[in-house]
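Student: Mind looking over this structure? Questions follow.
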Amino acid sequence: RIDAMKKPVIALGYNGMWPGPALRVDEGDKVRINVTNRLDETTGVHMHGIEFDDFRMDGIPFVTQLPIVSGETFSYEFVAKPSGSHMYHSHHNATDQVGRGLLGALLVDPADPAERYDVKHGVTQEYVFIHNDSLGGFTINGHGFPAVVPVLVAQGETVRVRFMNEGNMMHPWHSHGYRMKVVARDGYPLEGAAFDCDTLGVTPGERWDAM
189 RIDAMKKPVI
199 ALGYNGMWPG
209 PALRVDEGDK
219 VRINVTNRLD
229 ETTGVHMHGI
239 EFDDFRMDGI
249 PFVTQLPIVS
259 GETFSYEFVA
269 KPSGSHMYHS
279 HHNATDQVGR
289 GLLGALLVDP
299 ADPAERYDVK
309 HGVTQEYVFI
319 HNDSLGGFTI
329 NGHGFPAVVP
339 VLVAQGETVR
349 VRFMNEGNMM
359 HPWHSHGYRM
369 KVVARDGYPL
379 EGAAFDCDTL
389 GVTPGERWDA
399 M
């Protein structure tokens, strides 16, 4: 259900969710993700932003693996690197399958706790905004306005928002009344190149972190 005013739409999901469950690991962790295909069509899963040691884990059907057929399970194994905001999604008939909901956040924290944003910048709240524009119009985490989940914080708190575009269109994110400090792009810290803005254009496949 996109919102209370529209009829429910037929979607796809990981573990019955759209977006799929946020996966959070530490840099250097060895990760195994078992994907069982319960769809009536073939699929595959790509970990967007991960640097693979074994190309066969990249999740691109007919390039790095055969598609996962209905009823089969495929195990993806990789070392989580680099740290940053990443995504996972279908890479098979992707415009259709991702548009219908096969997407989710993959968050890799730095191995050294002292290098984590919440420690270095005093972050007290964190939000992931996954934007899509295919299923039910413009959505944030599968919801349309006014059914989107609000950002609730106390005055003086430092908030980190991870913007992720899983749609087909560039979308400008605007924090009305606040200036954002953009600190990372596609999982890589901007360090001295961090910049302030009140509107941030996020193109398909991009991830931006803002404070």
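Note that my numbering gives residue 391 to position 203 of the sequence shown, counting from 1, and the numbers run on in steps of one. Yeah, the Cβ is synthetic: ideal placement off N, Cα and C, and Gly gets one too.
(1) For the alpha helix (DSSP H) that contains Ala282, what are its first and last residues?
(2) Flag this pair as yes or no: are the beta carbons of Gly232 and Gly247 separated by less than 8 Å?
(3) Who are Val219's beta bridge partners in DSSP?
(4) Over the uninterrupted alpha helix (DSSP H) stretch that includes Tyr305, give me the two end residues.
(5) Suppose you measure from the CA of Val267 to the CA of Asn353; what does that come to, to the nearest Å?
(6) Excluding sequence positions up to five away, which residues of its chain have a Cβ less than 6 Å from the Cβ of Arg189?
(7) Does the separation of the CB atoms of Ser258 and Val296 fall below 8 Å?
(8) On a CA-only basis, which of Glu394, Trp206, Gln253, Glu239 is nearest Asn356? Give me that one, please.
(9) Which residues in the same chain have their Cβ closer than 6 Å to the Cβ of Phe383, if we skip the five residues on either side of it in sequence?
(10) DSSP state of Met193, grouped into three classes?
(11) Evaluate Gly204 with the Cβ neighbour count: other Cβ atoms within 10 Å of its Cβ, from every protein chain shown; 16 or more gives buried, anything less gives exposed.
(12) Could you spell out where the beta strand (DSSP E) holding Ser365 opens and where it closes?
(13) Are the segment 334-341 and the segment 287-304 touching by the rule of at least three beta carbon pairs closer than 8 Å?
Tutor: Once the coordinates are examined:
(1) Residue mapping note: residue 282 aligns to position 94 of the sequence shown, counting from 1. Run containing Ala282: 282-287, per the alpha helix (DSSP H) assignment.
(2) As a first step, residue 232 must be located in the sequence shown, where it is residue number 44. As a first step, residue 247 must be located in the sequence shown, where it is residue number 59. Yes, they are a contact pair.
(3) Looking up residue 219 in the sequence shown gives position 31. The bridge partners DSSP lists for Val219 are Phe266.
(4) The count along the sequence shown starts at 1 and reaches residue 305 at position 117. DSSP places Tyr305 inside the alpha helix (DSSP H), whose first and last residues are 305-308.
(5) For the purposes of this step, residue 267 is taken as the residue at position 79 of the sequence shown. For the purposes of this step, residue 353 is taken as the residue at position 165 of the sequence shown. The straight-line gap from Cα to Cα measures roughly 24 Å.
(6) Within the sequence shown, the letter at position 1 stands for residue 189. Shown here for Arg189: same chain residues with a beta carbon closer than 6 Å to its own, the five before and five after excluded, namely Pro196 in chain order.
(7) Sequence index remark: in the sequence shown, residue 258 carries index 70 (1-based). Sequence index remark: in the sequence shown, residue 296 carries index 108 (1-based). No; because the gap between Cβ atoms is not below 8 Å, this pair is not in contact.
(8) As a position in the sequence shown, residue 356 is number 168, starting the count at 1. Selected option, being the one with the closest Cα: Glu394.
(9) Along the sequence shown, read from residue 1 onward, the residue named residue 383 stands at position 195. Excluding sequence neighbours, Phe383 sits near Val370.
(10) As a first step, residue 193 is located in the sequence shown; it is residue number 5 there, counting from the start. Assignment of Met193 by DSSP, reduced to helix, strand and coil, places it in the coil class.
(11) For the purposes of this step, residue 204 is taken as residue 16 along the sequence shown, with counting starting at 1. Flag for Gly204 reads exposed.
(12) In the sequence shown, the residue the question calls residue 365 occupies position 177. The identity of residue 365 in the sequence shown is Gly, whereas the question assumes Ser. Annotation for Gly365: no beta strand (DSSP E) segment contains it, and DSSP assigns it neither H nor E.
(13) Here the segment 334-341 makes no contact with the segment 287-304; the two share fewer than three CB pairs at distances below 8 Å.
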